[in-house]
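Residue numbers for the sequence shown follow the numbering used here, beginning at 16 and rising by one.
Just so it is clear, CB atoms sit at the ideal spot from N, CA and C, and this is done for glycine as well.
Keep in mind it's a predicted model, so treat the numbers as computed, not measured.
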Amino acid sequence: MTTFARPPFAVARGTRRCMTGCLSGDSLIETVDGPLAIASLVGKSMPVLTRLPQHRIGFRLMTKTACAATGVPVVQVTFDNGQAVVVDRSHVFYAHGMVERPVESLRIDELLDTSFHFPAGYEFGRMDGSTEISAGGLRVQAIADAGTADVFTGIVNETGCYFATAGVLCKA
Numbered sequence: 016m017t018t019f020a021r022p023p024f025a026v027a028r029g030t031r032r033c034m035t036g037c038l039s040g041d042s043l044i045e046t047v048d049g050p051l052a053i054a055s056l057v058g059k060s061m062p063v064l065t066r067l068p069q070h071r072i073g074f075r076l077m078t079k080t081a082c083a084a085t086g087v088p089v090v091q092v093t094f095d096n097g098q099a100v101v102v103d104r105s106h107v108f109y110a111h112g113m114v115e116r117p118v119e120s121l122r123i124d125e126l127l128d129t130s131f132h133f134p135a136g137y138e139f140g141r142m143d144g145s146t147e148i149s150a151g152g153l154r155v156q157a158i159a160d161a162g163t164a165d166v167f168t169g170i171v172n173e174t175g176c177y178f179a180t181a182g183v184l185c186k187a
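Printed below as a string of structure tokens:
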């Protein structure tokens, strides 16, 4: 069954703001055309990588992408793969099992769901010849204030979530 729910918004000091979180305009999301800045999708519909039932990944259509608010306080979340994403303070990530993890309650070293990872405990080889034991997801390495930014969101049909290019699953 396909649902076409609108993202919840709240009015705060005359500004429309995402209740489930938004990304800064230059934050990249995984689309059928590869990584694209979410701001480049305003007014367009685009298939995005998402978590499907039974823990599979696939594409579903992101629609109604728009600037939800301007001048919003944002934070940069950096992961142990070296990637980062800039989000507003109400943004929601997912841990394994689709457990919601609001950015304001994230902890350093917390494990988040990813589009791909080796099973936890699996030893894999790197290109440089070294080996590493998989954590089974991405760990939060740092959370830092990133000033203010215009923030963007959209609706993802059926699943309500999408993967940021940084590798983590985000609530739409």
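In the displayed model, residue 58 falls within coil according to three-state DSSP, outside both helix and strand. In this structure, residue 166 and residue 89 form a Cβ contact; the two beta carbons are roughly 7 angstroms apart against a cut-off of 8 angstroms. Its chain contains 62, 74 as the residues whose beta carbon lies nearer than 6 angstroms to that of residue 47, once the 5 sequence neighbours on both sides are disregarded; these appear in chain order. Contact holds between the segment 174 to 181 and the segment 40 to 56, because three or more Cβ pairs, one in each stretch, are under 8 angstroms apart. Taken in chain order, no unbroken stretch of alpha helix (DSSP H) lies wholly in the segment 81 to 148 with a span of 4 residues or more.
A straight line joining the alpha-carbon of residue 171 with that of residue 144 spans about 40 angstroms. Residue nearest to residue 105 within the set 39, 174, 173 is 39 (criterion: CA-CA distance). Using a Cβ distance threshold of 8 angstroms, residue 77 and residue 169 count as a contacting pair.
Contact check for residue 80 against residue 123 fails: the beta carbons are separated by 8 angstroms or more. A straight-line Cα-Cα distance of about 6 angstroms links residue 72 and residue 65. The straight-line gap separating the alpha-carbon atoms of residue 186 and residue 107 is approximately 6 angstroms. Each of 96, 183, 69, 86 was checked against the Cα of residue 156, and the nearest Cα belongs to 96.
Secondary-structure assignment with DSSP links residue 165 through no beta bridge to anything. At a Cβ-Cβ threshold of 8 angstroms, residue 151 and residue 132 count as neighbours. Of the candidates 99, 128, 100, the residue whose Cα lies closest to the Cα of residue 70 is 128. Between the alpha carbons of residue 125 and residue 91 lies a gap of roughly 15 angstroms. Each of 135, 101, 130, 140 was checked against the Cα of residue 159, and the nearest Cα belongs to 101.
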